[in-house]
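K.L.:
Just passing along the structure, written as structure tokens.
Numbering (my numbering), first residue to last: 1349 to 1478.
In structure tokens:
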């Protein structure tokens, strides 16, 4: 059975980051529909689900690849900010501050009291409590 599925998917696009985002969005719609019981939310879920299946089964790999590249380019600032947020949550030994001049993120050790932070990018100094 596994070989038959592999043979069926041969030459088809499969899954990528856009499809993963669409699947999470569809899951959020299902959860929202539990509370809202709205017909349009249900229609939106089935439309997204159908588009996901269409993209996975498509043989036009070039076009699906370009759709994914477009999605990745549009969401790059958001993904970068999210990754920084996750990194901050995991880091128990440091605090992160933004430079008021150039908006560069600066990492300093926790528990040092009130310190003067020197931005490595623009050279601005500012006071913060670590």
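Where is the CB? At the ideal position from N, CA and C, for every residue including glycine.
Model, not experiment: these values are computed from the prediction.
Does the stretch 1390 to 1409 come within contact of the stretch 1354 to 1370, defined as at least 3 CB pairs closer than 8 Å?
P.N.:
Here the stretch 1390 to 1409 makes contact with the stretch 1354 to 1370; the two share three or more CB pairs at distances below 8 Å.
K.L.:
For the alpha helix (DSSP H) containing residue 1455, list its first residue and its last residue.
P.N.:
Counted from its first residue, the chain shown places residue 1455 at position 107. Where residue 1455 is concerned, there is no enclosing alpha helix (DSSP H), although the beta strand (DSSP E) it sits in stretches over 1453 to 1457.
K.L.:
Can you give me the C-alpha to C-alpha distance between residue 1450 and residue 1351, rounded to a whole angstrom?
P.N.:
Position 102 of the chain shown, counting from 1, holds the residue named residue 1450. Position 3 of the chain shown, counting from 1, holds the residue named residue 1351. For residue 1450 and residue 1351, the distance between alpha carbons rounds to 55 Å.
K.L.:
Just to confirm, is the Cβ distance from residue 1420 to residue 1367 under 8 Å?
P.N.:
Locating residue 1420 in the chain shown gives position 72, where the first residue counts as 1. Locating residue 1367 in the chain shown gives position 19, where the first residue counts as 1. Residue 1367 sits away from residue 1420, with the two beta carbons spaced by 8 Å or more.
K.L.:
The beta strand (DSSP E) spanning residue 1464 covers which residue range?
P.N.:
As a working mapping, residue 1464 is identified with position 116 in the chain shown. Unbroken beta strand (DSSP E) run through residue 1464: 1462 to 1466.
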